[in-house]
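Okay, so here's the structure we're looking at.
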């Protein structure tokens, strides 16, 4: 896990890069922060991998 500042820097850098790439607003969410089980279920059912190793 990254230290808090590095995590935040990476998060916002990724968000800005995606906004620049797609020319539209994006919402980034962290799986660890999702508390609503219905929302989590919907995300899991509709997720699309954009990068996989």
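Residue numbers (this note's numbering): 6 to 58. Where is the CB? At the ideal position from N, CA and C, for every residue including glycine.
{"query": "Quick check on residue 48: does DSSP put it in helix, strand or coil?", "result": "helix"}
{"query": "Quick check: residue 33 and residue 23, are their CB atoms within less than 9 Å of each other?", "result": "yes"}
{"query": "Out of curiosity, what's the CA-to-CA distance linking residue 40 and residue 50?", "result": "16 Å"}
{"query": "Given a cut-off of 9 Å on the beta-carbon distance, is the pair residue 31 and residue 45 in contact?", "result": "no"}
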